[in-house]
Amino acid sequence: MLTNYHSHSHYCDGKGSPEQQVQGALAQGLRAFGFSSHCPVPFENQWSMKAERLDEYLAETRALQAKYEGQIELYVGLEVDFIPEMVGPSDFPMLDFCVGSVHYVGLNQFGQPWEIDGSSVEFLECLDTVYGGDIQKVIQKYYGIIRQMVETDPPQVVGHLDKIKMHNAARHLFDESESWYVAEVEQTLQAIAKAGITTEINTRGNYKRGLELYPSPWIINRMNELNIPICINSDSHRPEEITASFPLAYQVAKAAGYEEVRILLGGKWQDVAI
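One point on numbering: in full-length UniProt numbering, the residue at position 217 of the sequence shown is 217, and numbering is uninterrupted.
Listed below in structure tokens is the structure:
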């Protein structure tokens with residue numbers, strides 16, 4: 001049973017309208033689909049929804065729920081940035097669900113929120129200028145923010161858990177097998193397990209960059225050991241990407257020992273067999 005609750009349209013940095021997303025979801029055989037454009041944030045960036053468009057987004061996606069009733073279950077959500085003391089999931093109580101993600105870690109050299117999934121050049125410049133090249137310090141801060149979100153302002157779904165590895169494809173910044181890194185991941189997974197929050201397997205890194213899934217397979221293995229529920233999401237930015245790399249995600253989930261995925265269906269989260 002295919003579902004996807006992490007998707008982006010022209011309301012943020014995606015391509016295509018919400019209705020084109022629905023048509024793509026239907027064409028790709030989805031039973032349920034969630035709209036989750038990037039939430040507005042209280043500063044300028046290039047990819048979040050503008051605050052003045054939020055009401056329009058909510059009205060359009062709610063109208064599509066009614067229009068396509070009986071064809072596909074549609075859920076209205078956002079990918080909500082958790083930025084301590086600035087924005088988080090509880091700021092958007094009108095949603096059916098939200099994907100909670102961390103894209104910002106502290107401030108950059110210009111005193112602005114540091115976008116950790118921007119360009120590699122910008123990432124390395126801030127890493128060197130602000131953190132003196134200490135990637136361990138950055139990663140510990142990143143996972144600390146995720147834990148703070150999980151413990152104080154939990155979403156329904158944790159988004160791309162290890163996105164901080166995005167610029168480390170060549171393993172030149174850190175090794176995921178290093179004890180300090182494993183310890184940070186473990187502490188974060190323990191917090192997620194305690195809170196009982198669903199964590200996505202996000203396929204975007206694979207189909208866009210040919211890289212591993214978010215999170216890495218060894219983390220998914222540990223998630224299963226801790227009984228952390230999963231959902232499979234593509235983080236699509238175009239309608240044709242809605243199920244991109246899903247076969248790989250299901251394969252990795254099964255290899256980790258998962259027999260079920262958690263989906264939002266019939267208005268409630270429930271576990272269904274893979």
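Glycine is no exception: its CB is placed at the ideal position from the N, C-alpha and C atoms.
Looking at the strands, I want to know which residues DSSP matches up with residue i.
i           : result
residue 107 : 113
residue 3   : 32
residue 270 : 263
residue 246 : According to DSSP, residue 246 bridges with nothing at all.
residue 99  : 79 and 157
residue 219 : Looking at the DSSP assignment, residue 219 forms no beta bridge with any residue, so it has no partner.
residue 206 : Answer by DSSP bridge pairing: none, since residue 206 is not bridged.
residue 236 : 7
residue 230 : 199
residue 214 : 202
Might you give, ordered along the chain, the residues of its own chain that have their beta carbon closer than 7 angstroms to the beta carbon of residue i, omitting 5 neighbours on each side?
i           : result
residue 257 : 224
residue 130 : 108 and 109
residue 126 : 108, 109 and 114
residue 54  : 40
residue 26  : 71 and 72
residue 275 : No information on residue 275 is available, as it lies outside the stretch 1 to 274 that the chain covers here.
residue 254 : 274
residue 117 : 103, 163 and 166
residue 106 : 114 and 141
So, are the CB atoms of residue i and residue j less than 7 angstroms apart?
i           : j           : result
residue 92  : residue 156 : no
residue 203 : residue 158 : no
residue 57  : residue 83  : no
residue 21  : residue 36  : no
residue 167 : residue 120 : yes
residue 4   : residue 274 : no
residue 41  : residue 87  : yes
residue 153 : residue 89  : yes
residue 142 : residue 164 : yes
residue 18  : residue 60  : yes
residue 222 : residue 188 : no
Ignore the nearest five residues each way along the sequence and tell me which others in residue i's own chain have a CB closer than 6 angstroms to its CB.
i           : result
residue 217 : 252
residue 145 : 102
residue 228 : 192, 193 and 199
residue 183 : none
residue 123 : 167
For residue i, decide whether its Cβ has a neighbour in chain B, counting only Cβ atoms nearer than 7 angstroms.
i           : result
residue 143 : Of the chains in the structure shown, none is chain B; there is only one protein chain.
Tell me which residues share the same chain as residue i and place their Cβ nearer than 8 angstroms to its Cβ, disregarding the 5 neighbours each side in the sequence.
i           : result
residue 213 : 201, 202, 203, 205, 206, 220, 245, 248, 249 and 252
residue 95  : 76, 77 and 78
residue 209 : 169
residue 23  : 239
residue 266 : 73
residue 195 : 150, 151 and 154
residue 38  : 8, 12, 13, 47, 48, 49, 78, 79 and 81
Length at least 4, wholly inside the stretch 157-199: the alpha helix (DSSP H) runs in chain order: 179-195
Inter-stretch contact at 8 angstroms, needing at least 3 Cβ pairs: the stretch 39-46 / the stretch 252-271: no
Within the stretch 7-87, ranges of the beta strand (DSSP E) (whole runs, at least 3 residues): 30-38 and 73-81
Touch test, the stretch 22-31 against the stretch 63-75, Cβ-Cβ under 8 angstroms, three pairs minimum: yes
Unbroken stretches of the alpha helix (DSSP H), 4 residues or longer, contained in the stretch 116-160: 120-131 and 135-152
Any 3 or more C-beta pairs closer than 8 angstroms across the stretch 121-138 and the stretch 47-67: no
Meets three-Cβ-pair contact criterion under 8 angstroms: the stretch 12-20 and the stretch 229-241: yes
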